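Count along the sequence shown from 1, add 908, and you get the number used in our numbering.
No residue lacks a Cβ here, since even glycine has one placed at the ideal position from N, Cα and C.
Owing to the predicted nature of the structure, the values given are computational and were not obtained by experimental measurement.
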Amino acid sequence: MDSGIDSSIARPEQHSTDGGVELAPALEAPAHDLVTEHGGRIHYYVDGPSGTRPLVLVHSVNAAPSAFEMKPLFERYRGERRVYALDLPGFGRSDRGNRRYSPELYANALVDFLDRVVEDEGEIDLVAFSLGCEFAARATALRPQRIGSLVLLSPTGFNARAMPTGVAAERVHRALSIPGLNDGLFRLLTSRPSIKYFYRQAFAGPTPPEMVDYAYATSHQPGAKYAPLYFLSGQLFTPEAGERLYDSLTQPVLVLYDRDPNIDFHELPDFLCRHDNWRAERIAPTRGMPQWDRPAETTAAIDRFWSERSAG
């Protein structure tokens, strides 16, 4: 909701890349800033009819994410629902301060957003993508009464192999934080050839050129390296996320997945057998970005899920 919190929300700031070019909005929609306690200034987009059940879209975390990743879903549902899509702290047009980024920071920032922006609009549906699913699950555990359902697109947390954690992850981050080294590494990861390579791995079909363009632009903002360094070191992942995050969710949950070059879903079948409120559908052929690769099939599965939830 856009009113009633004038002291916390301002018009979007102008953001420039290292080359002095303003970062364009990820979505063509009304945009606002929310100053949060935990994540600094969060930039978000909102559109759709008021008084409808709100939908909140949460993007992934990598070297160059933003609300742009959720564009197909935002465009699909903005005509019939109140839809929100935010740039998580450290990404897009949100604050990119040199702070300690953590799963707790992202979950608390999401809770701030839900409490202060969507406060008067009733129960919320969340749709989250990749590592954003873990943050959405944490936020749901903190505000279970606010969340009516979750849709998880290619969620992390069901891997057979574990990410570095604890002391090991801290050591990786210290190594990645060496001045000069991290700048060179981040420039390499966010070069146009690297971005194109990573997207070729994530798409079963051709990569939309606009995705490459926006990923390049957003990853060349001042401070763009800070949050991704925590991601690369493994510190944004929750060990044993199935037990520690997903197991406690009581809301209806839909998982949409197929293949993913960076994660696997080895533990998902057993998890589904033990949780009656969870269901899953394969959106094939996709390689981690079903909302872009197969938008019609993805939204049809989401619509069926919401329809069955309402009927139930």
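Spatial distance of residue i from residue j (CA atoms)
i: residue 1153; j: residue 1145; result: 11 Å
i: residue 1014; j: residue 1035; result: 15 Å
i: residue 1049; j: residue 1143; result: 20 Å
i: residue 1160; j: residue 1058; result: 7 Å
i: residue 1135; j: residue 1103; result: 17 Å
i: residue 955; j: residue 1207; result: 18 Å
i: residue 1110; j: residue 1121; result: 16 Å
i: residue 1010; j: residue 957; result: 34 Å
i: residue 1195; j: residue 1032; result: 28 Å
i: residue 1174; j: residue 1063; result: 12 Å
i: residue 1004; j: residue 1164; result: 30 Å
i: residue 1211; j: residue 945; result: 34 Å
i: residue 1176; j: residue 1199; result: 20 Å
i: residue 971; j: residue 1171; result: 16 Å
i: residue 980; j: residue 1168; result: 19 Å
i: residue 1107; j: residue 1051; result: 34 Å
i: residue 977; j: residue 1219; result: 30 Å
i: residue 926; j: residue 987; result: The pLDDT assigned to residue 926 is 39, lower than 50, so where the model puts this residue is not dependable, and the model offers no usable value.
i: residue 996; j: residue 951; result: 8 Å
i: residue 1096; j: residue 1140; result: 14 Å
i: residue 942; j: residue 1148; result: 32 Å
i: residue 1257; j: residue 1215; result: Residue 1257 cannot be examined here, being either before or after the span of the chain that is shown, 909 to 1220.
i: residue 1012; j: residue 949; result: 16 Å
i: residue 1040; j: residue 1007; result: 19 Å
i: residue 1099; j: residue 1001; result: 19 Å
i: residue 966; j: residue 1068; result: 24 Å
i: residue 1126; j: residue 936; result: 16 Å
i: residue 1061; j: residue 1022; result: 20 Å
i: residue 975; j: residue 933; result: 9 Å
i: residue 973; j: residue 1123; result: 7 Å
i: residue 1128; j: residue 931; result: 9 Å
For residue i, three-class secondary structure by DSSP
i: residue 1153; result: helix
i: residue 1190; result: strand
i: residue 1120; result: helix
i: residue 1026; result: coil
i: residue 1009; result: coil
i: residue 903; result: Given that the chain is displayed from residue 909 to residue 1220, the structure contains no residue 903 and the question cannot be resolved.
i: residue 1205; result: helix
i: residue 1126; result: helix
i: residue 1000; result: coil
i: residue 1101; result: helix
i: residue 1092; result: helix
i: residue 972; result: coil
i: residue 1111; result: coil
i: residue 958; result: coil
i: residue 1160; result: coil
i: residue 1143; result: coil
i: residue 1197; result: coil
i: residue 982; result: helix
i: residue 1135; result: helix
Cutoff 7 Å; reference residue i; Cβ partners in own chain excluding five residues on either side
i: residue 1192; result: 1166
i: residue 1045; result: 1153, 1154, 1157
i: residue 912; result: Note that residue 912 scores 33 on pLDDT, short of 50, meaning its location in the model is unreliable; the coordinates nonetheless yield the value given after this. Taken in chain order, the list of residues that qualify is empty.
i: residue 1197; result: 1110, 1111
i: residue 916; result: Residue placement at residue 916 is poorly supported in this model, since its pLDDT is 36, which falls under 50; the coordinates still yield a value, given next. For residue 916, where only same-chain residues beyond five positions count, the Cβ hits under 7 Å are 942, 943, 1024.
Beta-carbon proximity list for residue i, same chain, < 6 Å, skipping 5 on both sides
i: residue 1113; result: 1201
i: residue 906; result: This structure gives no information on residue 906, because the portion of the chain shown stretches from 909 to 1220.
i: residue 1190; result: 1166
One or two residues paired with residue i in a DSSP bridge
i: residue 993; result: 953, 965
i: residue 1165; result: 1190
Residues of its chain near residue i, where Cβ-Cβ distance is below 8 Å and the 5 sequence neighbours each way are ignored
i: residue 938; result: 910, 953, 954, 955
i: residue 989; result: 956, 957, 960, 961, 962, 963
i: residue 1188; result: 1162, 1163, 1164, 1165, 1176, 1180
Exercise for the section: Give, in chain order, every unbroken run of the beta strand (DSSP E) that is at least 3 residues long and sits entirely within the region 1028-1073. Expected result: Within the region 1028-1073, the complete beta strand (DSSP E) runs of at least 3 residues are 1032-1037, 1055-1061.
Handout entry: Every unbroken beta strand (DSSP E) inside the region 926-951 [3 residues or more]
Key = For the region 926-951, whole beta strand (DSSP E) runs of length 3 or above, ordered along the chain, are 939-944.
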